[in-house]
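J.: In the numbering used here, the protein residues as written are 33 to 592.
Have a look at this one.
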């Protein structure tokens, strides 16, 4: 009754959904004229945020390019010879001076270049006005401290430059620095607009900024505007260090503009970046959008009624079945499966539910059987794995591993430390299986200090050797230093007598069904127990392989 009621409610909700959609769409159409303008402004504001990020990223690209050019010059042997030779002190003579000229000529002609000696004094320059006489900036000092820098730098009354400065090194010694950059002039902002398509303005200085250094803001696509900077905006951006967005007027046109601060090498305010978007296109777009919304509202009203009807017929039944399966899973019943044949996401969801039920069932069985100490599969899973492979006729090998001298260790150091040894064994087996990397290998924890690995005969011996290698390398770490050094511990035997016991080692019994027909897990376990007993009679970590065709044959060194 409750499920049927839910379906009926779903159908009713679909009808209500249709009416609500119709009402909302009509309402949207009525208020579109009011909201569209605000929405477009919001979108324009978001675009401005993106435009600022794009432009600053473009600035960074030019700065990185300038730094790469500076590093190219700084690492050139000609430049290093110039700085370290007498030609730097007497720039009017010598081949080194001509060589540095040839090198600088490789850079674009519009690049400004300055070469500094180890004291930060300019000794070679190109494209730098004479008025810029004191250019030992923070960036140069950083470069002389072996730290390449890039970014925007004020150039006295000449405005701003975007540049990179690279240290010049001979070995580990900094012998000078090279600055390569570009003026933030009209040519530069035209290049920025050519890349971004944005109206851009750049001003340089401090809180007294009141005019543009360069800008692409135009009235008719050709003549640049001569508008002054709003000083209140300059002060706000300088004080907050954040982008300020507001509507500004240039000539007869209004722009939604973003003013972003430009910072020097130590975070000082050195200039302002303006990015604007004309308001007129936005107003035109608003009118077009209003008409589009009205058309979409009418189309949406028709579509909503059709969709609601279809949804009520195609969704509710599959959802009801999925809810029933979810309820069954929550109650612990993992046997229920859902058959949904809709050819869409609901069918995929039903398949996912079915797979989840199957996986949960396997996980539940695994968790019930897993060893609580190592989390490895226990005896039930081990027997099922081995019996399944035997029944399929698959060739297999088992490595039955057992710890030697573990009781003495446990008696001396306690159960908690003994558990560490058990966990180490599990970890060693997992590491070895991963190293050998044979698909389908299985690790189980029989109990206590006994483990089993199921693998293929062709990799079994390699896997056994890998297990022994890793175990012998890691087990000493679980002993005190003095016990590791002497190679044994002092503990009490089963008769209560103090004795010397070697460090723990591993005995591995290797049994396969290559040379004999093994019918079941019990027979395989019995063979493994025989071989393990033989292996434990050998001192230290080792493995023994049963090569007998007949179980009645003696188990001696010739067959192991």
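Glycine included, each C-beta is placed from N, C-alpha and C at the ideal position.
The structure displayed is predicted, hence computed values, not measured ones.
Could you give the residue range of the beta strand (DSSP E) that holds residue 532?
T.: Element bounds for residue 532: 530-534.
J.: Which same chain residues end up closer than 7 Å to residue 37 when comparing Cβ atoms and leaving out the 5 residues on each side of it in sequence?
T.: Note that residue 37 scores a pLDDT of 43, beneath 50, so its modelled location is shaky and nothing firm can be said.
J.: To which residues of the same chain is residue 289 closer than 8 Å at the C-beta, ignoring the five residues directly before and after it?
T.: Within the same chain, residue 289 has close Cβ partners 80, 277, 278, 279, 280, 306, 307, 308, 309.
J.: Which full runs of the beta strand (DSSP E) of 3+ residues lie inside the stretch 446-493, going along the chain?
T.: List check, beta strand (DSSP E) in window: 474-479, 482-487.
J.: Tell me the start and end of each unbroken alpha helix (DSSP H) in the stretch 170-216 that is at least 4 residues and wholly inside, in chain order.
T.: The qualifying runs are 170-176.
J.: Can you tell me which of the three DSSP states residue 304 falls into?
T.: Correct three-state label for residue 304: strand.
J.: Which one or two residues does DSSP pair with residue 295 in a beta bridge?
T.: Answer is 301.
J.: Exposed or buried, residue 89, counting other C-beta atoms within 10 Å across all chains shown (16 or more means buried)?
T.: Burial call: exposed.
J.: For residue 270 and residue 301, I'd like the C-alpha separation in whole angstroms.
T.: Rounded to whole angstroms, residue 270 to residue 301 spans 6 Å at the Cα level.
J.: Less than 8 Å between the CB atoms is what I'm expecting for residue 247 and residue 234, so what's the real figure, rounded?
T.: The Cβ separation is near 7 Å, so the contact holds.
J.: Terminal residues of the continuous beta strand (DSSP E) containing residue 404?
T.: It is not in any beta strand (DSSP E) - residue 404 carries neither H nor E in the DSSP assignment.
J.: DSSP three-state call for residue 144: helix, strand or coil?
T.: Correct three-state label for residue 144: strand.
J.: Spell out a yes or no on whether the stretch 486-497 and the stretch 430-444 are touching, meaning 3 or more CB-CB pairs, one atom from each, closer than 8 Å.
T.: Verdict: yes, contact present.
J.: Under DSSP, the alpha helix (DSSP H) around residue 565 begins and ends at which residues?
T.: Here the alpha helix (DSSP H) through residue 565 covers 553-568.
J.: Alpha carbon to alpha carbon, how far is residue 291 from residue 263? Give it in angstroms, no decimals.
T.: Going from the Cα of residue 263 to the Cα of residue 291 covers about 12 Å.
J.: If distances are taken between C-alpha atoms only, which option among 204, 461, 214, 199 comes closest to residue 192?
T.: Checked all of 204, 461, 214, 199; the closest Cα to residue 192 is 214.
J.: Residue 534 to residue 463, Cα distance in whole Å?
T.: C-alpha separation (whole angstroms): 24 Å.
J.: Should residue 78 go down as buried or exposed, given a rule of 16 or more other Cβ atoms within 10 Å for buried?
T.: Classification of residue 78: exposed, given that the 10 Å Cβ count is below 16.
J.: Got a sec: is the Cβ-Cβ distance from residue 76 to anything in chain B below 9 Å?
T.: This model lacks chain B altogether; it includes just one protein chain.
J.: To the nearest angstrom, report how far apart residue 408 and residue 415 are at their CA atoms.
T.: Answer to the nearest angstrom: the Cα atoms are 13 Å apart.
J.: I'd like to know if the stretch 500-514 and the stretch 419-428 are in contact, where contact means that at least 3 CB-CB pairs between them fall below 8 Å.
T.: Contact between the stretch 500-514 and the stretch 419-428 is absent, because fewer than three Cβ pairs lie under 8 Å.
J.: Would you report the Cα separation of residue 597 and residue 507, rounded to the nearest angstrom?
T.: Since the first residue shown for the chain is 33 and the last is 592, residue 597 is missing from the structure and cannot be characterised.
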